[in-house]
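Q:
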Amino acid sequence: MRKIYGEHLVKATKLIVKHDIRMVELTFDQLDDDCMEKTSENIKHLKEVFKDQITIGAGTVMNVDQVQIAKEAGAEYLLAPNTNIDVMNKAHELSLPIIPGAMTPSEIAYAWEHGAALVKLFPAGSRGVEYCKSLASPLNNIPILPMGGVNYKNASDFLKIDNVIGVGVSNALVNKNLVEKNEWNLIESNIISFEEVLKMYKD
18 MRKIYGEHLV KATKLIVKHD IRMVELTFDQ LDDDCMEKTS ENIKHLKEVF
68 KDQITIGAGT VMNVDQVQIA KEAGAEYLLA PNTNIDVMNK AHELSLPIIP
118 GAMTPSEIAY AWEHGAALVK LFPAGSRGVE YCKSLASPLN NIPILPMGGV
168 NYKNASDFLK IDNVIGVGVS NALVNKNLVE KNEWNLIESN IISFEEVLKM
218 YKD
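Okay, here's the thing in structure tokens:
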């Protein structure tokens, strides 16, 4: 979730938990000069409210300062849109699993060789399911997390690929514009659509 704060954030997370989704990514908004403070407060607030009901990660982690801030706030894992070795080394130093972003086979292998917990295929939606499938055989030892453009219509197709171990979803799950309009019924409907997909992959 990006640019969602305070009680809106809590309300959205309650809906996610209600429908059996247990991992939440709170994202640094790199255009916001106060993003480190805001993301830190978001992480702390959700940990206080939900305790061990959810696993909280920090997303769009772009520099070592953000790694440190996320750790101090209580983040349990990190995601990034790219593979930055300084960021990865700092995450390893702080014992934080990190999921860097990559697109090409070379980038994916490089991220894995440098200690990625798994590799975020990003942006997955623009290249599509067939591209992800084509990576599965030569890179079958690397667990992949497609993100960016994943929705309830294509999530199932991504999840059928052997080395895809999950999907990451942003606006298709909790849309910031719908939050601002208090369209909670529509948001819950979106979440339910994903819940139905995930029921097929419970094991």
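Residue numbers (the numbering used here): 18 to 220.
Quick reminder that beta carbons are idealized off the backbone N, C-alpha and C, glycines included.
In this text the structure is predicted, and so the values were computed from the model without any measurement.
#1: What's the gap between the Cα of Val81 and the Cα of Lys55?
#2: Tell me where the alpha helix (DSSP H) around Pro122 begins and ends.
#3: From Lys198 to Thr30, what does the alpha carbon distance come to, in whole angstroms?
#4: Quick one: residues in its chain with C-beta nearer than 7 Å to the C-beta of Lys61, no 5 flanking neighbours on either side, listed in chain order?
#5: Starting from the C-beta of Leu53, find all residues in its chain whose C-beta is less than 8 Å away, skip the five residues before and the five after it, and write them out in chain order.
#6: Compare the C-alpha of Ala128 against each of Leu32, Asp103 and Ala189 and name the closest.
#7: Are the region 91 to 100 and the region 113 to 120 touching, with three or more C-beta to C-beta distances below 8 Å?
#8: On the DSSP bridge list, what partners appear for Ile116?
#9: DSSP state of Leu26, grouped into three classes?
#10: Taking the alpha carbon of Asn77 as the reference point, which residue from Cys149, Glu65 and Asp49 has its own alpha carbon closest?
#11: Would you report the Cα separation of Ile178 and Leu96, rounded to the nearest angstrom?
#12: Reducing DSSP to helix, strand and coil, say where Val104 ends up.
#13: Val191 and Ile21 - do their beta-carbons sit closer together than 8 Å?
#14: Is Gly145 helix, strand or coil by DSSP?
#15: Let me make sure I understand the geometry here. Which of Glu42, Val167, Ser123 and Val136 has the alpha-carbon closest to that of Ile144?
#16: Determine whether the beta carbon atoms of Leu113 and Tyr94 lie at a separation below 8 Å.
#17: On the DSSP bridge list, what partners appear for Ile73?
#18: One question on the structure: do Leu135 and Ile182 come within less than 8 Å of each other, judged by their Cβ atoms?
A: With the structure as the only source:
#1: 17 Å
#2: Pro122 to Glu130
#3: 17 Å
#4: Ala90 and Gly91
#5: The sequence shown places Met at residue 53, not Leu. Once the five neighbours on either side are set aside, the close Cβ partners of Met53 are Phe45, Asp82, Gln83 and Ile86.
#6: Asp103
#7: yes
#8: Leu96
#9: helix
#10: According to the sequence shown, residue 77 is Thr rather than Asn. It is Asp49.
#11: 21 Å
#12: helix
#13: yes
#14: helix
#15: Checking the sequence, you will find Arg at residue 144 rather than Ile. Closest option to Arg144, Cα to Cα, is Val167.
#16: yes
#17: Val41
#18: yes
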